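Taken in order, these protein sequences are the chains called A and B.
Note that our numbering has the first sequence beginning at 8, numbered continuously upward.
Note that our numbering has the second sequence beginning at 724, numbered continuously upward.
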Amino acid sequence: MNMIPQTIQTPTTPDILAGKPVKILARNVDIHYGDKHAIKNLSIDIPDRAVSSFIGPSGCGKSTFLRAINRMNDTIPGCRIAGDITLDGQNIYDRAIDVVQLRAKVGMVFQKPNPFPKSVFENVAYGPRIHGLASNKTELEEIVVASLRKAGLFEEVKDRLDHPGTGLSGGQQQRLCIARAIAVNPEVILMDEPCSALDPIATARIEELIDELRQNFCIVIVTHSMQQAARVSQLTAFFHLGTLVEFGDTGKVFTAPRDKRTQDYITGRFG
Amino acid sequence: MSDHIVKSYDDDLAALKTMLAQMGGIAEEQLSDAIQAISKRDTKLADMVIAQDGKIDALEVQVEEKAILTIARRQPMARDLREIMVAIRIASDLERIGDLAKNTAKRSHAISEPMPRRLMTGFARMGRLAQEQLKDILDAYARSDSEKALAVWRSDEEIDALYNSIFRELLTYMMEDPRMIGLCTHLLFGAKNLERIGDHTTNIAENIYYLSFGTAIPVERPKKDQTSITSYDAAL
Numbered sequence: 008m009n010m011i012p013q014t015i016q017t018p019t020t021p022d023i024l025a026g027k028p029v030k031i032l033a034r035n036v037d038i039h040y041g042d043k044h045a046i047k048n049l050s051i052d053i054p055d056r057a058v059s060s061f062i063g064p065s066g067c068g069k070s071t072f073l074r075a076i077n078r079m080n081d082t083i084p085g086c087r088i089a090g091d092i093t094l095d096g097q098n099i100y101d102r103a104i105d106v107v108q109l110r111a112k113v114g115m116v117f118q119k120p121n122p123f124p125k126s127v128f129e130n131v132a133y134g135p136r137i138h139g140l141a142s143n144k145t146e147l148e149e150i151v152v153a154s155l156r157k158a159g160l161f162e163e164v165k166d167r168l169d170h171p172g173t174g175l176s177g178g179q180q181q182r183l184c185i186a187r188a189i190a191v192n193p194e195v196i197l198m199d200e201p202c203s204a205l206d207p208i209a210t211a212r213i214e215e216l217i218d219e220l221r222q223n224f225c226i227v228i229v230t231h232s233m234q235q236a237a238r239v240s241q242l243t244a245f246f247h248l249g250t251l252v253e254f255g256d257t258g259k260v261f262t263a264p265r266d267k268r269t270q271d272y273i274t275g276r277f278g
Numbered sequence: 724m725s726d727h728i729v730k731s732y733d734d735d736l737a738a739l740k741t742m743l744a745q746m747g748g749i750a751e752e753q754l755s756d757a758i759q760a761i762s763k764r765d766t767k768l769a770d771m772v773i774a775q776d777g778k779i780d781a782l783e784v785q786v787e788e789k790a791i792l793t794i795a796r797r798q799p800m801a802r803d804l805r806e807i808m809v810a811i812r813i814a815s816d817l818e819r820i821g822d823l824a825k826n827t828a829k830r831s832h833a834i835s836e837p838m839p840r841r842l843m844t845g846f847a848r849m850g851r852l853a854q855e856q857l858k859d860i861l862d863a864y865a866r867s868d869s870e871k872a873l874a875v876w877r878s879d880e881e882i883d884a885l886y887n888s889i890f891r892e893l894l895t896y897m898m899e900d901p902r903m904i905g906l907c908t909h910l911l912f913g914a915k916n917l918e919r920i921g922d923h924t925t926n927i928a929e930n931i932y933y934l935s936f937g938t939a940i941p942v943e944r945p946k947k948d949q950t951s952i953t954s955y956d957a958a959l
C-alpha cells in the first residue's frame, strides 16, 4: 500500500484544514478485540502541527484508535486491525516498520503519570540513550535539559535532577512523562486523558504546554473533558460505538455540530 | 429536543424561555396600548404604558442573571450554548421594543391639536403590522420555528415601505399647514418608533434562525426604508 498524501483533501477533511499537510492518515480501519468490533471502517486525516482531540463516551473506540497510531494494540492478544494507517505516507503496519522506531516517532503520554522508578534525569535520559541520540555525556545532558525546558518543568526540578521522579507532584510527574516523550525527538505525541488525574492548576499547566508543543508536533489527545477539548484542540473528532461520527473545526463542533449524536453527547443528553 | 441527563439543566433553560415569554407578553401589550394611546390620545393609558416599562427592564436583568449563572454552572455547548446566547439577545431586543412603545405612548401627552382622521390611518396600519410581526416572532421563538421566523424577517419590508409613505405624507401636511407641524412631528417619531420595533423583530428572527442552524441567515435583508436619504424636495 503506497499512499503519499500531499495535502488534506478528502471528505473527512474539515474546511479549516484544506491545504494543510497531513501527518496521520487512516483509511477504512477496522479493529477487533476477539469478537468485539471496536473500530468500524474509520477514515480520518490528522494534520501536522495542530492538536486534534478525540471525544466520545466510554467504549466508543477513541482510545483504541489512539493506540493503533503507535501500534500499542499489537501487544493485546486477540486484537486484529485491518485497513491502512500511514504516518507521512508510510504504512505503519508494514512489515518493514520497526515498531521501536515507530514508537520513538510517535510518543505517548498516559492518563496516570508513570515515571520510571529512577531519578528525574534518568527518566528523561533513558530514551535518548537507548536510541543512541547522544554521543557523549554532555550531549545527553543537553537533551535532558532541553526536554525538561520544553515540558515547562526545568525551573522546578533543576536542583533535584538526581531525586526520584516518583517523588514529584502529580502534575510535575505528568510533565516529566511529557519531557520523556519529547526527549527522543518524536513527530507525533499521543495523549490518553493526560489530565484526568490532575488538579485544575496542574491541568492548566499541561494545557499551556500542549498549546506550546503544537508549534512543533502533531498532537492527538483523548479526553473526557469536553471543555478541555474545546480549550486545547483546533480539531475535534467525535466517536460513538466504534464509528467516527464527526471530525471538524473545534469551534464548529462545540457551537454548531453537524450530527445529532454529537449534539446530544456534548450537551449531556445521551441516554 | 430530548432531555438532559441532569434534569435541573432542562429547568434552567425552561426558566429562561418562560421569562422571555413573559417579556414578550408585556411587550405586546405595551405596543398595543401605546398605539391606542396615540390614536385615541388617551393620556391615562399612556401613563400606564410608561409605568409598566419597569417590568420589562426588570425581567431583562433577570434573564441576564439566569443566563450567566447557567453558563457558569453548566458550561453549555452547541445548541444549549446558542439557546442561552440567543435568550440574552432577544431579551435585549424586547427591552428596546418596550422602550420604543413607551416613547410612542408619551407622545400622546404632547399632541394637543385635533387629529384629522386620514392622518391616523397610515399610523394605525403600521401599528397593526408591527403588532402582527411581534406576535408572529414571539410564536416562532416559543416553537423554535425558523421557517416562521424567516417569514417575519422578510415581511419587515412592508413596514419599511409603509414608513416611507407616512414620512412623505406627513411632510406634505406640514408644508400645507404649518400649524400641523407639532402634531406631524410627533406622529413621525411615533412611526419611526414602529419602524424600529420592526427592526428589532427582524433581529429576533435572525436569532431564531441562528438558534436552529448555528449560522446567520445567508442573504442580506431587503431594506425599504429610504427616508434617511430622502431630501425635502424629493419627498414631494
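All residues carry an ideal CB built from backbone N, CA and C; glycine is no exception.
All values reported here derive from a predicted model rather than from experimental measurement.
Starting from residue i, find everything on chain A with Cβ-Cβ shorter than 7 angstroms and list it in chain order.
i, result
"D803 of chain B", "T274"
"S888 of chain B", "In chain order: nothing, as chain A lies at least about 40 angstroms away."
Write down the C-beta distance between residue i and residue j rounded to the nearest angstrom, noting that I regard them as a contact closer than 8 angstroms.
i, j, result
"G747 of chain B", "L873 of chain B", "Contact flag wrong, Cβ pair sits at about 19 angstroms."
"R182 of chain A", "A158 of chain A", "5 angstroms"
"L917 of chain B", "L893 of chain B", "Contact doesn't hold; Cβ gap of about 13 angstroms is too wide."
"I280 of chain A", "R78 of chain A", "Look at the range of chain A in this structure, 8 to 278, and you will see that residue 280 of chain A is not part of it."
"K825 of chain B", "V772 of chain B", "6 angstroms"
"I758 of chain B", "E818 of chain B", "The pair is not a contact, with the Cβ atoms about 19 angstroms apart (cut-off 8 angstroms)."
"L242 of chain A", "N192 of chain A", "The Cβ separation is near 24 angstroms, so there is no contact."
"F846 of chain B", "G777 of chain B", "Actually they do not touch by this definition, with Cβ atoms about 26 angstroms apart."
"K226 of chain A", "I196 of chain A", "In the sequence under discussion, the amino acid at residue 226 of chain A is Ile, which differs from the Lys named in the question. Their Cβ separation, rounded to whole angstroms, is 5 angstroms, which keeps I226 of chain A and I196 of chain A in contact under 8 angstroms."
"R212 of chain A", "G178 of chain A", "6 angstroms"
"K47 of chain A", "G249 of chain A", "4 angstroms"
"E751 of chain B", "L885 of chain B", "Rounded, the Cβ-Cβ distance is 19 angstroms, inconsistent with contact."
"N926 of chain B", "D756 of chain B", "At roughly 22 angstroms, the Cβ-Cβ gap does not stay under 8 angstroms, so N926 of chain B and D756 of chain B are not in contact."
"T71 of chain A", "I38 of chain A", "6 angstroms"
What residues from chain A crowd round residue i, counting only those whose CB sits closer than 9 angstroms?
i, result
"T938 of chain B", "A263"
"I728 of chain B", "G275, R276, F277, G278"
"R867 of chain B", "Looking at the sequence shown, residue 867 of chain B is not Arg but Ser. Near S867 of chain B there are no residues of chain A at all, since even the closest Cβ is about 14 angstroms away, more than 9 angstroms."
"S951 of chain B", "Within chain A, no residue comes near S951 of chain B; the closest Cβ sits about 35 angstroms away, beyond 9 angstroms."
Check the Cβ of residue i against every Cβ in chain A and list those closer than 8 angstroms, keeping chain order.
i, result
"Y732 of chain B", "G275"
"S831 of chain B", "Those within 8 angstroms of S831 of chain B in chain A number zero; the least Cβ separation is about 45 angstroms."
Ignore the nearest five residues each way along the sequence and tell me which others in residue i's own chain have a CB closer than 7 angstroms to its CB.
i, result
"Q775 of chain B", "I749, Q753"
"I51 of chain A", "T19, A33, A244, L251, F254"
"D218 of chain A", "V239"
"N9 of chain A", "Bear in mind that the predicted position of N9 of chain A carries a pLDDT of just 42, short of 50, making it too unreliable to give a figure here."
"S126 of chain A", "L168, D169, H170, P171, G172"
"F128 of chain A", "V151, L168, D169"
"D765 of chain B", "Q759, S831"
"N130 of chain A", "P122, F123, G172, L183, R187"
"L782 of chain B", "M742, Q745, M746"
"T269 of chain A", "F245, V252, E253, V260"
"L155 of chain A", "V131, F161, V164, A186"
Ignore the nearest five residues each way along the sequence and tell me which others in residue i's own chain have a CB closer than 8 angstroms to its CB.
i, result
"E214 of chain A", "C202, Q235, R238, V239"
"E787 of chain B", "I811, A814"
"L934 of chain B", "R802, R805, E806, V809, S867, S869"
"D205 of chain A", "Correcting the residue identity first, residue 205 of chain A is Leu in this sequence and not Asp. Closer than 8 angstroms at the Cβ level, and outside the excluded window around L205 of chain A, lie G177, G178, Q181, I213."
For residue i, return the contacting residues in chain B, with the cut-off set at a CB-CB distance below 8 angstroms.
i, result
"E270 of chain A", "Reading off the sequence shown, one finds Gln at residue 270 of chain A, where the question assumed Glu. Result: A801, R802."
"Q234 of chain A", "Q798"
Please go through the same chain and pick out, in chain order, the residues whose beta-carbon is closer than 6 angstroms to the beta-carbon of residue i, but skip the five residues on each side of it.
i, result
"R919 of chain B", "L823"
"K69 of chain A", "F61, G63, V229, F246"
"F117 of chain A", "D199"
"Y932 of chain B", "S869, A872, I940"
"C86 of chain A", "Y40, N80"
"D961 of chain B", "One cannot answer for residue 961 of chain B here, as it falls past the ends of chain B, which runs 724 to 959."
"T3 of chain A", "This structure cannot settle anything about residue 3 of chain A, because the visible part of chain A is limited to 8 through 278."
"T210 of chain A", "C202"
Quick check: is the beta carbon of residue i nearer than 8 angstroms to any beta carbon in chain E?
i, result
"S878 of chain B", "Absence of chain E from the displayed structure is noted, the protein chains being A and B."
Does the region 25-35 of chain A come within contact of the region 228-242 of chain A, defined as at least 3 CB pairs closer than 8 angstroms?
-> no
Segments of 4+ residues assigned as alpha helix (DSSP H) that fall wholly inside the region 85-158 of chain A = 106-112, 127-137, 144-157
Should the region 802-819 of chain B be regarded as contacting the region 261-274 of chain A, the criterion being three or more beta carbon pairs within less than 8 angstroms?
-> yes
Is the number of C-beta pairs between the region 838-855 of chain B and the region 787-799 of chain B that are closer than 8 angstroms three or more?
-> no
Examine the Cβ distances between the region 727-735 of chain B and the region 828-837 of chain B and report whether three or more of them are shorter than 8 angstroms.
-> no
Which ranges does the alpha helix (DSSP H) cover as unbroken runs of at least 4 residues, wholly within the region 213-266 of chain A, from first to last along the chain?
-> 233-239, 257-262
Pick out the complete alpha helix (DSSP H) segments inside the region 839-895 of chain B, 4 residues or longer, and give them in chain order.
-> 840-865
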